[in-house]
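Undergrad: Numbering (our numbering), first residue to last: -3 to 109.
Note that beta-carbon positions come from the ideal geometry of N, C-alpha and C, so glycine has one too.
One structure, as structure tokens, below. Some questions next.
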């Protein structure tokens, strides 16, 4: 018996806590609705080892690549289901090209948890 893995399609099936967000392009009025976004807190170790570049109030948004026809870029914004605006500080393609891992900071910045 073999198991077929579809990294692009399985993300929404195996992840809890997904929400619909809007990705706003900084260079144009283009917006994209992303139905299966996952928000995760940054770790204390990552924040502590960053020399102040990463704050505990920062988050990582994981966006399925198949739901983002235009790659997210630095200074683009993610608006979450509660209306919080997150500025993308870094974006990189992850998990064999199946999702975008975006380091984000709230605008205005939130206090640390």
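Would you mind reading off the limits of the beta strand (DSSP E) that contains residue 97?
TA: Bounds of the beta strand (DSSP E) holding residue 97 are 95 to 102.
Undergrad: Does residue 55 pass the burial test, meaning 16 or more other C-beta atoms within 10 Å, or should it be called exposed?
TA: buried
Undergrad: Tell me the rounded alpha-carbon separation between residue 51 and residue 82.
TA: 13 Å
Undergrad: On the CB-based measure, 16 or more other CB atoms within 10 Å of its CB, does residue 89 come out buried or exposed?
TA: exposed
Undergrad: Within a Cβ cutoff of 7 Å, which residues of the same chain sit near residue 80, ignoring the five residues on either side of it in sequence?
TA: 102
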